[in-house]
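*Asks:* With full-length UniProt numbering as the guide, the letters of the sequence shown map in order to residues 1 to 291.
Each residue gets a CB set at the ideal place from its N, CA and C atoms; glycine is no exception.
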Amino acid sequence: MSPSPREIILDIQGNTIAARQWGNPSGVPVLALHGWLDNCASFDAMAPHLLSHNQSLNLVAVDMAGHGQSYHRHRDANYTVWTEIEDVLGMADALGWQRFSVLAHSRGAVIGTIAAATFPERINRLALIDGLVPPPTSDSEAPETLRKGIEQRARYRDRRTKVFASLDVATAARKNGLFKLSDSAARALVERGVRPCEGGYTWSNDPQLLASSLAKLNEAQVMAFLSRATMPIRLALGKEGIQGMIERIRPIAERIPNIEIHEFPGGHHLHMEESAETIARWFLPFLEAKI
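#1: Leaving out the 5 sequence neighbours to the left and right, which residues in its chain are closer than 6 Å to R234 when beta-carbon positions are compared?
#2: Pick out the complete beta strand (DSSP E) segments inside the segment 185-254, 3 residues or longer, and give them in chain order.
#3: Could you tell me the alpha carbon to alpha carbon distance between M1 and A61, rounded to whole angstroms?
#4: Candidates T230, V194, N205, V81: which alpha carbon is nearest L214's?
#5: How big is the Cα-Cα spacing for residue 296 and T113?
#6: Quick test of your reading: I279 and I129, contact by CB under 8 Å. State the CB separation rounded to the nearest angstrom.
#7: Return the residue from the list R255, E274, R160 that minimises the CA-CA distance to E240.
#8: Going by DSSP in three states, T171 sits in which element: helix, strand or coil?
#9: In terms of DSSP beta bridges, what is D11 paired with?
#10: Thinking C-alpha only, which one of N58, Y79, E7, A65 is nearest L284?
#11: Below 7 Å CB to CB, which residues in the same chain sit around R174 once its five sequence neighbours on both sides are set aside?
#12: How about the segment 67-75 and the segment 95-110: do they share at least three Cβ pairs that are nearer than 8 Å?
#13: Name the two residues that bound the continuous alpha helix (DSSP H) containing H49.
#14: Roughly how many angstroms lie between the CA atoms of residue 295 and G149, to the nearest whole one?
#15: Which class does V133 belong to by DSSP, given the choice of helix, strand or coil?
#16: Can you give the Cα-Cα distance for G177 and A170, rounded to whole angstroms?
#17: Enumerate in chain order the residues of its own chain whose CB-to-CB distance from T83 is below 8 Å, with the five nearest sequence positions on each side excluded.
#18: Out of curiosity, what's the CA-to-CA distance linking A253 and S227?
#19: Which of the three DSSP states, helix, strand or coil, is assigned to R125?
#20: Looking only at its chain, what residues have a beta carbon closer than 6 Å to the beta carbon of R159, apart from the 5 residues adjacent to it on each side?
#21: By how many angstroms is the C-alpha of E151 removed from the C-alpha of E277?
Written as structure tokens, this is what we have:
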């Protein structure tokens, strides 16, 4: 197995992004993007299997803005796909990467796809896990989407985060959240995603992440982005993942000739569970650009 990751800090426009770097710093550059309310520990289970043989990859798993140990945006700012893409490019620039590949899960996969479509000259390959593009919305929903987003931003901006008496209590809460997790997967996310406070521990994530988007893409816009992501793409889907995910994503992905799809056992966080090694072995030669 690979040695422990190196903890690194990236500076993007004066903002701090915390990250873990695995493998060979001179290897093939791969930026790993986690899902909503997760953190870079999302890739702890996969990383050793991606790097155990020949150390060919330079894998950097980041805490996205507002998550884990990274910076929180200003109270007047938004956590949107658009600002995340600027951060992704800023991370690559901070690492000195002109071109790189993306390994990403869920919301991170959506961000990776949109980033690759917008700046295809920067991104070589996409290795995606249970995510591809955002669910399209109808034009008629735009006013209500905006209203909901504004109201939720006001609600969550000053929200007090819950306090847990111990890491064990926080782990139990994370394990039984929206997406069920094993003890080990929940513990990994909790240890990276809490901070000490009076009375125990609280989430380090920015509460503003809970607010919905102010604007969403319609179907034509989703397909416009996807059609510009012409690099090789591999998409791993969990057979027991988000209800309706496979039924929603497969028909879209199958219209794009450069996307290869494979279904694996497991739920939405399948890359943190029993399928971690199998998925890593499927992705490794792809990310090494051997195929």
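*Replies:* Quick look at the numbers:
#1: A127, E260, F286
#2: If we require 3 residues or more, the beta strand (DSSP E) runs fully inside the segment 185-254 come out as 194-197, 200-203, 233-238.
#3: With a pLDDT of 41 at M1, under the threshold of 50, the predicted position of this residue should be treated as unreliable, though the coordinate-derived value follows. Taking the straight line joining both Cα atoms gives about 18 Å.
#4: V81
#5: Residue 296 lies beyond the residue range present for the chain, which begins at 1 and ends at 291; the question has no answer from this structure.
#6: 7 Å
#7: E274
#8: In the structure shown, T171 falls within a helical segment according to DSSP collapsed to helix, strand and coil.
#9: T16, per the DSSP bridge assignment.
#10: Checking every option, the nearest Cα to that of L284 belongs to N58.
#11: L181, A186, L189, V190
#12: no
#13: 47-51
#14: Residue 295 falls outside the range modelled here, since the chain spans only 1 to 291, and no answer is possible.
#15: coil
#16: 11 Å
#17: A65, R73, A77
#18: 10 Å
#19: The answer is strand: DSSP assigns R125 an E or B state.
#20: P207
#21: 42 Å
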